[in-house]
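Residue numbers (my numbering), protein chains in the order written: chain V, 1 to 270; chain U, 271 to 386.
Note that the Cβ used here is the ideal one computed from N, Cα and C, for glycine as well.
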Amino acid sequence: MLWFLVLLFGLFLKPVYAQDASVSAKPPTPTPNPAIALFAQYQNDYNYQRDLYQQAYLEYLNKKNIYTKYGTITTQQEKFDATKKALSARNNTLRAYLIALRVDLDKYRSVNTTETEKFQIELGKLESWCLEQNLIIDSLNNEEDVKKWIGDQFVPNFMTIRQATATALVLHENNQILTILNSLKSLTSDIKLATQNNLTAQSLLSSMPIKYDLVTISTQNAYTLTQTKQYSGNQFNDFYPNAKKEITKAQGYLVEIQNSLKSLVNKYVN
Amino acid sequence: MAEIIQNIDQDQSNPLGTKTTPSLKTFSLPKNPKVKILIGFGALILILLIVSLIIPQKKLPGKIVSKPTIVPKTTSIPVDNNQIPTQFQEKFQNIQQQLNQKEDFPFPVIDPDIGL
């Protein structure tokens with residue numbers, strides 16, 4: 001009877017295996033940059049505000065056309081209300097864009113902390129200005145008030161916003177390029193160590209700093225374009241397309257360096 | 271009944287009136303004006319082609335020739351990532367990810383003239 005019970009118990013017992021070593025040996029996954037997730041949130045908010053602005057803007061255009069056609073006091077009041085709504089929505093869009101851009105700068109801030117923080121503060125100030133303007137827009141009573149506000153407040157600050165955002169974009173893209181360049185430099189050092197007995201490989205690797213300099217020069221050129229006053233009167237001369245050419249050039253050099261290193265590793269590292 | 275005798279050596283006395291010697295063809299421009307224009311254009315094109323081949327390109331004095339700016343394009347050398355030694359694969363992948371990340375965040379399209 002006892003033997004029967006032992007046999008029955010043994011049948012229902014599950015075998016205990018040793019823990020799978022491969023699971024514990026798995027390399028830790030790299031922690032994602034928190035700025036990326038945060039930026040996605042603020043970008044969504046910006047997209048929402050932009051949609052609201054587009055709706056308000058269409059309504060404003062519609063009311064403006066009706067007033068031009070009929071010219072009554074009622075249609076004038078409707079046009080004025082629609083103008084205030086559109087101005088408010090435009091401010092919110094600008095503010096949402098400024099916040100998203102400021103958060104986006106966090107992604108590669110570590111490569112150029114001082115300059116990046118300086119621009120984040122600048123963008124923060126402009127965000128506050130946009131927020132204040134919504135209160136002022138609410139208090140505008142007639143079209144004369146609106147025109148005065150546009151001339152005194154909006155136009156000069158809008159130019160500042162254009163220049164600051166374009167500069168921040170260039171700075172951000174430069175930071176990304178310099179971050180990748182640092183990764184490539186670190187990789188070059190590793191490859192140097194792995195090929196220290198190969199003279200040809202060492203010779204090829206020693207020519208890499210020339211390409212690093214090309215990258216740095218292109219980023220500096222892009223940044224120099226942002227340093228001059230880009231507006232006269234009410235006209236903003238957008239320097240971003242020219243700066244973008246320099247950025248694209250630098251990105252091209254990065255790809256070249258990466259491909260050179262790949263070829264070198266394939267040839268000289270076993 | 272008199273018998274007709276043909277002298278084969280003399281055309282004039284050929285009673286059948288057929289000409290034995292071929293007439294000489296001379297080149298003459300077609301009378302159709304459209305064909306004339308076509309031939310004229312063809313000749314002009316031929317002359318221009320020959321002239322362009324003979325005369326080398328000359329720079330006009332004082333004319334500024336704008337040099338096109340050379341922007342290097344990203345050339346991709348076909349390198350199989352699986353061929354890269356394992357010790358470097360992760361680093362190359364990280365760099366590739368960073369390169370693929372597009373950081374364009376364009377300024378919103380807004381009307382600065384609302385209310386004017």
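Asked	Found
Beta carbon of residue 74 of chain V, beta carbon of residue 126 of chain V: below 8 Å?	no
Kindly indicate if chain V contains any beta-carbon less than 8 Å away from that of residue 368 of chain U.	yes
Is residue 236 of chain V helix, strand or coil by DSSP?	strand
Please state whether DSSP places residue 371 of chain U in a helix, a strand or coil.	coil
In chain order, what residues of the same chain lie with their CB nearer than 8 Å to the CB of residue 165 of chain V, ignoring the 5 residues before and after it?	97, 98, 101 and 123
In the structure shown, what three-state DSSP assignment does residue 63 of chain V receive?	helix
Below 8 Å on C-beta distance, what does residue 90 of chain V contact in chain U?	380, 381 and 384
In whole angstroms, what separates the C-alpha of residue 105 of chain V from that of residue 163 of chain V?	16 Å
Using 8 Å for Cβ pairs, my map puts residue 354 of chain U next to residue 265 of chain V. What's the rounded Cβ distance?	6 Å
Quick one: residues in its chain with C-beta nearer than 6 Å to the C-beta of residue 267 of chain V, no 5 flanking neighbours on either side, listed in chain order?	none
Of all the residues that make up the segment 155-178 of chain V, which are near chain U by a beta-carbon distance shorter than 8 Å?	155, 158, 162, 165, 166, 169, 172, 173 and 176
Please report the residue range of the alpha helix (DSSP H) in which residue 211 of chain V lies.	208-224
Candidates V:257, V:79, V:148 and V:224: which alpha carbon is nearest residue 187 of chain V's?	V:257
Excluding the 5 residues flanking residue 53 of chain V on each side, which residues of the same chain have their C-beta closer than 8 Å to its C-beta?	86, 89, 90, 92 and 93
Less than 8 Å between CB atoms is the rule here; does residue 258 of chain V satisfy it with respect to chain U?	yes
Along chain U, in chain order, which residues have C-beta atoms closer than 7 Å to that of residue 146 of chain V?	385
Are the Cβ atoms of residue 117 of chain V and residue 373 of chain U separated by less than 8 Å?	no
Using a Cβ-Cβ cut-off of 8 Å, state whether residue 254 of chain V counts as contacting chain U.	yes
Residues in its own chain within less than 8 Å of residue 59 of chain V by CB, not counting five upstream and five downstream?	82, 85 and 86
Give the straight-line distance between the Cα atoms of residue 248 of chain V and residue 240 of chain V, rounded to the nearest whole angstrom.	12 Å
Taking the alpha carbon of residue 262 of chain V as the reference point, which residue from V:132, V:147 and V:192 has its own alpha carbon closest?	V:192
Report, in whole angstroms, the separation of the C-beta atoms of residue 225 of chain V and residue 253 of chain V, which I expect to be a contact under 8 Å.	Their Cβ separation, rounded to whole angstroms, is 18 Å, which puts residue 225 of chain V and residue 253 of chain V out of contact at 8 Å.
What do you get for residue 184 of chain V, buried or exposed, if any count of 16 or more other CB atoms within 10 angstroms of its CB means buried?	buried
Taking residue 105 of chain V as part of the alpha helix (DSSP H), name the residues at either end of that continuous run.	Taken as a continuous stretch (DSSP letters only), residue 105 of chain V belongs to no alpha helix (DSSP H), as it is neither H nor E.
What are the boundary residues of the alpha helix (DSSP H) that includes residue 228 of chain V?	That residue, residue 228 of chain V, is in no alpha helix (DSSP H); it is neither H nor E in DSSP.
Note down the Cα distance separating residue 110 of chain V from residue 182 of chain V, rounded to an integer number of angstroms.	11 Å
How many angstroms separate the CA atom of residue 72 of chain V from the CA atom of residue 157 of chain V?	34 Å
Whose C-alpha, out of V:80, V:242 and V:42, is nearest the C-alpha of residue 67 of chain V?	V:80
Could you tell me the boundaries of the alpha helix (DSSP H) in which residue 183 of chain V lies?	155-194
Compare the C-beta of residue 83 of chain V with all C-beta atoms of chain U and state if any pair is closer than 8 Å.	yes
Quick check: the Cα distance between residue 219 of chain V and residue 246 of chain V, rounded to an integer number of angstroms?	7 Å
For a cutoff of 8 Å on Cβ pairs, would you count residue 363 of chain U as touching chain C?	Here the protein chains are V and U, and chain C is not one of them.
Give me the Cα-Cα distance between residue 269 of chain V and residue 203 of chain V, rounded to the nearest whole angstrom.	15 Å
Between residue 168 of chain V and residue 236 of chain V, is the Cβ-Cβ spacing less than 8 Å?	no
How many whole angstroms separate the CB atoms of residue 36 of chain V and residue 107 of chain V, which I take to be in contact at a CB cut-off of 8 Å?	6 Å
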